[in-house]
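> Got a structure here, written out as structure tokens. Questions coming.
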Amino acid sequence: MGVFSGKKAFVIGGSGGIGRALSQKLARSGADLFVHGAHDTKAFDSLIKELKSVSLSKKNADIQRCENPINIQKMVYKIENFSDLASSPLNSILKESDIVCVCFGPFIQKPLTETTLEDWMDAALLDYALPGYCVSTALPGMILKGWGRFLFFGGTRTYNINGYKTNAAYGGAKTGVGSLVRSVAHEYASKGITCNAVLPGFTDTEYVSEAEKRLLSNKLPCKKFISADSVARGGMFLLESPEINGALLNIDFGWDGKL
362 MGVFSGKKAF VIGGSGGIGR ALSQKLARSG ADLFVHGAHD TKAFDSLIKE LKSVSLSKKN
422 ADIQRCENPI NIQKMVYKIE NFSDLASSPL NSILKESDIV CVCFGPFIQK PLTETTLEDW
482 MDAALLDYAL PGYCVSTALP GMILKGWGRF LFFGGTRTYN INGYKTNAAY GGAKTGVGSL
542 VRSVAHEYAS KGITCNAVLP GFTDTEYVSE AEKRLLSNKL PCKKFISADS VARGGMFLLE
602 SPEINGALLN IDFGWDGKL
């Protein structure tokens, strides 16, 4: 039996990149897994087949595609529609989940003079309000069960207040996630609930072009990107460790954030 056998895990943004790597590890842990991600049927079919092949669950994993009739990115992009989350399939899954991981969130890199209203709303809603809503929705069920895990993803150097020349909106939202993490840990540790975040540096995923990798790698301490598997491994370490609560784990080769 896996360490999370009998637990229900929900990964938002779990079909690609870091989220996909985390989904793979959760499947190996024996968790019943709900994955939210892209609406590309082939991509989801491929992921589900892969996860079923590695699952340790007695049920061969209850791996389901979370089909939200309202595209979550478009829904939360318009602030007047943010309340629609309460009536979406995401809501019912969150209420039942023992483990909630939010890997989804846009990276916005622009100087302040070029940051649009749309960019500010994406950062505020998708990078910060979405994790917060997940906490508020999943907490009551976790409190009743006396057990729960939250895992979020911050940005480089967002463990404290910093200034950012080209991503103030994103950096501010991810710094807020750090405050959310510690607020949950402070208030609900006595209920058997942990909340932690991984703060990864530049990570090698399908969302980064080869040209970008070559350009940025030369400026990094170890001259290479971090693997998605390494970041996911750090996330699993936090999920599996009840003694660790309110942690902001840097996985960045010791990078200081300067390019």
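Reading the sequence shown from the start, the letters are residues 362 to 620 in the working numbering. Each residue gets a CB set at the ideal place from its N, CA and C atoms; glycine is no exception.
Can the beta-carbon of G377 be found closer than 8 Å to that of E567?
The beta carbons of G377 and E567 sit closer together than 8 Å.
> With three or more beta-carbon pairs closer than 8 Å as the criterion, would you say the segment 540–548 touches the segment 583–595?
no
> Using only alpha-carbon positions, find the residue among S540, A447, T498, D480 that is nearest to F468.
Out of S540, A447, T498, D480, D480 has the C-alpha closest to the C-alpha of F468.
> On a CA-only basis, which of L383, G367, Y531 is nearest G374? Give me that one, please.
L383
> Can you give the beta carbon distance from F511 to C556, rounded, assuming they're within the 8 Å contact cut?
4 Å
> With a CB to CB cut of under 6 Å and the five nearest residues on each side skipped, what residues in its chain are close to D565?
F586, S588
> Taking 8 Å as the threshold (C-beta atoms), are F395 and F371 in contact?
Yes, they are a contact pair.
> For the beta strand (DSSP E) holding A484, just list the boundary residues, first then last.
A484 -> no beta strand (DSSP E), and no H or E assigned at all.
> Any idea if G367 is buried or exposed, counting beta-carbon neighbours within 10 angstroms, 16 or more meaning buried?
The residue in question, G367, is exposed, as its Cβ has fewer than 16 Cβ neighbours within 10 Å.
> Does the contact criterion of 3 or more C-beta pairs under 8 Å hold for the segment 496–514 versus the segment 471–479?
no
> Strictly by DSSP, which residues pair up with T476?
None; T476 has no bridge partner.
> Buried or exposed for N521, please, with buried defined as at least 16 other CB atoms from any protein chain shown within 10 angstroms of its CB.
exposed
> Can you give me the start and stop residues for the beta strand (DSSP E) that A558 sits inside?
554–561
> Exposed or buried, G380, counting other C-beta atoms within 10 Å across all chains shown (16 or more means buried)?
buried
> Give me the residue from D406, L609, K526 with the minimum Cα distance to G516.
L609
> Could you give the first and the last residue of the continuous beta strand (DSSP E) run that contains K369?
Run containing K369: 369–373, per the beta strand (DSSP E) assignment.
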